[in-house]
């Protein structure tokens, strides 16, 4: 994985001291909150319901064991012994003190981490495929390109005061595991007829209060032009976006207003203006970055067979373990969705354990997924049983990947100042209702996603079943959506009708699932059945 | 009743105006009536509280209760982590916010 050079480290260290000075001045009363707020947000420090919250960037969700251990240390030393993995492959701490925030950033800097551009109107952490470099279905590892765009856009002066936040995803497989088309800018690595490497470029996706699946803007962009084209997209948006209404300033609104064709014309025209300036990153730099992602030294003699005689282990392998590109290896998914747990939360001890196990079994590397789980990308098949036993002993082996209890949920009203309703208790009640392991597996892939407000951090628009918490005259109410997907068949869920109270939404999910079981044909997932039969039968079951 | 609340500047903790100081406990909150603007400015200037504001509340047998659920969650703590609320020994405390 990427390692800082002296410039990276110097920049991050300098930023820590700059923020320390800013925080001290705020505490000393030399700055008002209005003056300080944009500065703290540029360093990932929010003020939430109960305390300050710090969001730490995990670039494209990849980190090593040393970094993971530091995340555990911070949870113990400065927070309350746990942390929350987010739907953008980052991590959040809920109980931060302003007077300690700079010390945390200093500790993070010692392991090449920071919280820069995890908030505010900036280019946020670049997302990618959690199976990058391990899955057989990718054209190349997308992470060097994600890293290149991260470097090129970090501290970029032209993109410091943008209309709103901006999210980029880079993938390299037909199977989209990063919700690429729900980002402001999506890159999919492809090869053209000549075998040359390039990108399909998608612009204007997003969730929030006005969700859109991004249209294809360019079907082949040579890889060497990744940054100049990004620059063109950002410039067009920066120049033409509204700045009078915070809810209408994302690039998706501009794409929606103009249509994909006009957006494409403007971007292409801007790009032609930029190209002679040679702003693209030299190929040598991409090669330098790529050396950090060459992959571990796999054992060519690793055994293929897995002893599946332990039935519980077999269930975990069947559900949570995915094929690896190298013989004798597998991709192991660690679900952070235990029964009665909080989606995405992990204790400091669990974080430490995952760091230790990754060092022992997965070449010292971990991935965070947008579904709030952890991935060990390179595990020898012969090590899977030992790994599973250690995970299971620590409550880290729920065998529910992509099942109904593998719920994505934002922190909701239990933690978030923007939320209108609690997400986590609803997730817990649904998980409890469907706790029968065999019953869950019988339902098959069913992605349930819950947001506590219209900002959609819980990705409810892209849930096969989505739930949106709203404020209805001062009480929590929940709308049900069906038919969304964040995968390669991206689509937005539709609201079924009037909302439900907290217990009612759990019943509504059960009714919906029962109707699916009644209607499904052989091999159909919930989403397939919904797309075949439409909303009507579900609506009838829910409201008649 | 009107209640003043905000977050402690240094620690970020939720705090409530007691009439003479700030407390972490909603039970200590007092009704400040309608003329609280000067008090808000005074306390913010004193750097004891970050962005204080007034909320509606009601008097109950158990003490002041914020009118809005969001402020009740602020007053108690996360309902999904009873151990981290201000009433960790009371497993039913979460019902207070509903």
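Residue numbers (this note's numbering), protein chains in the order written: chain A, 1 to 544; chain B, 545 to 642. Just so you know, even glycine gets a beta-carbon here, dropped at the ideal spot from N, CA and C.
(1) What does residue 50(A) reach in chain B if we use C-beta pairs closer than 9 Å?
(2) Suppose contacts are defined by Cβ-Cβ distances below 7 Å. Is residue 562(A) in contact with residue 67(A) by that definition?
(3) Below 8 Å on C-beta distance, what does residue 99(A) contact in chain B?
(4) With distance defined between alpha-carbon atoms, name the residue in 311(A), 418(A), 483(A) and 472(A) nearest to residue 449(A).
(5) Taking Cβ positions only, does residue 595(B) come closer than 7 Å to chain A?
(6) By DSSP, does residue 313(A) sit in helix, in strand, or in coil?
(7) Verify the CB distance criterion: does residue 568(B) have a CB-CB separation below 7 Å to chain A?
(8) Excluding the five sequence neighbours on either side, which residues of its own chain have a C-beta within less than 7 Å of the C-beta of residue 520(A), listed in chain order?
(9) Exposed or buried, which one is residue 329(A) when buried takes at least 16 other CB atoms within 10 Å?
(10) Taking contact to mean at least 3 C-beta pairs separated by less than 8 Å, is the stretch 568-583 of chain B in contact with the stretch 500-511 of chain A?
(11) Mapping the DSSP letters down to three states, classify residue 245(A) as helix, strand or coil.
(12) With distances taken from CA atoms, which of 247(A), 340(A), 294(A) and 32(A) is nearest residue 1(A)?
(13) Nearest-angstrom Cα distance between residue 412(A) and residue 297(A)?
(14) Is any beta-carbon of chain A found at less than 7 Å from that of residue 591(B)?
(15) Exposed or buried, what is residue 612(B) when buried is set at 16 or more other beta-carbons lying within 10 Å of its beta-carbon?
(16) Considering only the alpha carbon of each residue, which of 466(A), 410(A), 497(A) and 379(A) lies closest to residue 485(A)?
(17) List the DSSP bridge partners of residue 608(B).
(18) What does a CB cutoff of less than 8 Å around residue 334(A) pick up in its chain, not counting 5 residues either side in sequence?
(19) State the start and end residues of the unbroken beta strand (DSSP E) segment that holds residue 439(A).
(20) Evaluate residue 473(A) with the Cβ neighbour count: other Cβ atoms within 10 Å of its Cβ, from every protein chain shown; 16 or more gives buried, anything less gives exposed.
(21) Kindly indicate if chain B contains any beta-carbon less than 7 Å away from that of residue 425(A).
(22) How many whole angstroms separate the CB atoms of residue 122(A) and residue 167(A), which I take to be in contact at a CB cut-off of 8 Å?
(23) Would you please verify whether the beta carbon of residue 229(A) is less than 7 Å from any beta carbon of chain B?
(24) Using a Cβ-Cβ cut-off of 7 Å, state whether residue 413(A) counts as contacting chain B.
(25) Is the CB-CB distance between residue 404(A) and residue 443(A) below 7 Å?
(26) Report yes if the C-beta distance between residue 270(A) and residue 223(A) is below 7 Å; otherwise report no.
(27) Which bits of chain B does residue 47(A) rub up against, with CB to CB less than 8 Å?
(28) Using a Cβ distance threshold of 8 Å, determine whether the stretch 380-390 of chain A contacts the stretch 297-316 of chain A, with at least three qualifying pairs required.
(29) Does DSSP classify residue 89(A) as helix, strand or coil?
(30) How about residue 467(A): is its C-beta nearer than 7 Å to some C-beta of chain B?
(31) Which residues bound the alpha helix (DSSP H) around residue 378(A)?
(32) Please report how far the alpha carbon of residue 185(A) lies from the alpha carbon of residue 92(A), in whole angstroms.
(33) Exposed or buried, which one is residue 278(A) when buried takes at least 16 other CB atoms within 10 Å?
(34) Between residue 29(A) and chain B, is there a C-beta pair that is closer than 7 Å?
(35) Please determine if the stretch 123-138 of chain A and the stretch 55-63 of chain A are in contact, where contact requires at least 3 C-beta pairs separated by less than 8 Å.
(36) In chain order, which alpha helix (DSSP H) runs of at least 4 residues are fully inside the stretch 264-338 of chain A?
Considering the structure as presented:
(1) The count along the first chain starts at 1 and reaches residue 50(A) at position 50. Under the 9 Å cutoff, chain B gives 551, 556, 557, 558, 617, 618, 621, 622 and 628.
(2) Because residue 562(A) is not part of the residues shown, which for chain A are 1 to 544, the question remains open.
(3) For this step, residue 99(A) is matched to residue 99 along the first chain. Within 8 Å Cβ-Cβ: 554 and 555.
(4) Here residue 449(A) refers to the residue found at position 449 when the first chain is read from its first residue. The shortest C-alpha separation from residue 449(A) is found at 483(A).
(5) Against the second chain, residue 595(B) aligns to sequence position 51. At least one chain A Cβ lies under 7 Å of residue 595(B).
(6) In the first chain, counting from the first residue as 1, residue 313(A) sits at position 313. DSSP places residue 313(A) in helix when its eight states are reduced to three.
(7) The residue given as residue 568(B) occupies position 24 in the second chain. No, its Cβ sits nowhere closer than 7 Å to a Cβ of chain A.
(8) Here residue 520(A) is taken as the residue at index 520 of the first chain, counted from 1. Closer than 7 Å at Cβ, skipping near neighbours: 529.
(9) Locating residue 329(A) in the first chain gives position 329, where the first residue counts as 1. The residue is buried, with at least 16 neighbouring Cβ atoms inside 10 Å.
(10) no
(11) By 1-based counting over the first chain, the position of residue 245(A) is 245. Coil, per DSSP.
(12) Here the question's residue 1(A) lines up with position 1 in the first chain. Measuring from the Cα of residue 1(A), the nearest candidate turns out to be 294(A).
(13) Sequence index remark: in the first chain, residue 412(A) carries index 412 (1-based). Sequence index remark: in the first chain, residue 297(A) carries index 297 (1-based). Residue 412(A) and residue 297(A): Cα-Cα distance of roughly 42 Å.
(14) Stepping through the second chain from its first residue, residue 591(B) is reached at position 47. By this cut-off, residue 591(B) is an interface position.
(15) Indexing the second chain from 1 puts residue 612(B) at position 68. So residue 612(B) counts as exposed.
(16) As a working mapping, residue 485(A) is identified with position 485 in the first chain. Closest option to residue 485(A), Cα to Cα, is 466(A).
(17) Position 64 of the second chain holds residue 608(B). Partner(s): 603(B).
(18) Translated into the one-based positions of the first chain, residue 334(A) becomes position 334. Counting only Cβ-Cβ distances below 8 Å, and skipping sequence neighbours, we find 320, 354, 373, 374, 375, 376, 391, 396 and 397.
(19) Here residue 439(A) refers to the residue found at position 439 when the first chain is read from its first residue. Here residue 439(A) belongs to no beta strand (DSSP E); instead the alpha helix (DSSP H) covers 437-443.
(20) Start at 1 with the first residue of the first chain, and residue 473(A) comes out as number 473. Exposed.
(21) Here residue 425(A) corresponds to residue number 425 of the first chain, with the count starting at 1. Yes, contact with chain B.
(22) Within the first chain, residue 122(A) is the residue found at index 122, counting from 1. Within the first chain, residue 167(A) is the residue found at index 167, counting from 1. Not really, about 10 Å apart at Cβ, beyond 8 Å.
(23) For the purposes of this step, residue 229(A) is taken as residue 229 along the first chain, with counting starting at 1. Answer no: the Cβ-Cβ gap between residue 229(A) and chain B never drops below 7 Å.
(24) Here residue 413(A) refers to the residue found at position 413 of the first chain. Chain B contact via Cβ: present.
(25) Taking the first residue of the first chain as 1, we reach residue 404(A) at position 404. Taking the first residue of the first chain as 1, we reach residue 443(A) at position 443. In contact: residue 404(A) and residue 443(A) (Cβ atoms closer than 7 Å).
(26) For the purposes of this step, residue 270(A) is taken as residue 270 along the first chain, with counting starting at 1. For the purposes of this step, residue 223(A) is taken as residue 223 along the first chain, with counting starting at 1. No, these two residues do not count as a Cβ contact at 7 Å.
(27) Here residue 47(A) refers to the residue found at position 47 when the first chain is read from its first residue. Result: 551, 556, 594 and 595.
(28) yes
(29) Start at 1 with the first residue of the first chain, and residue 89(A) comes out as number 89. Correct three-state label for residue 89(A): coil.
(30) Position 467 of the first chain, counted from the start, is the residue given in the question as residue 467(A). Not closer than 7 Å to any Cβ of chain B, the Cβ of residue 467(A) fails to qualify, so no.
(31) The residue given as residue 378(A) occupies position 378 in the first chain. Note, residue 378(A): premise wrong, no alpha helix (DSSP H); beta strand (DSSP E) at 374-380.
(32) Reading the first chain from its first residue, position 185 is the one you call residue 185(A). Reading the first chain from its first residue, position 92 is the one you call residue 92(A). Roughly 24 Å separates the two Cα atoms.
(33) Reading the first chain from its first residue, position 278 is the one you call residue 278(A). Exposed, because fewer than 16 other Cβ atoms sit within 10 Å of the Cβ of residue 278(A).
(34) Residue numbering aside, residue 29(A) sits at position 29 when the first chain is read from its first letter. By this cut-off, residue 29(A) is an interface position.
(35) yes
(36) 283-291 and 311-320
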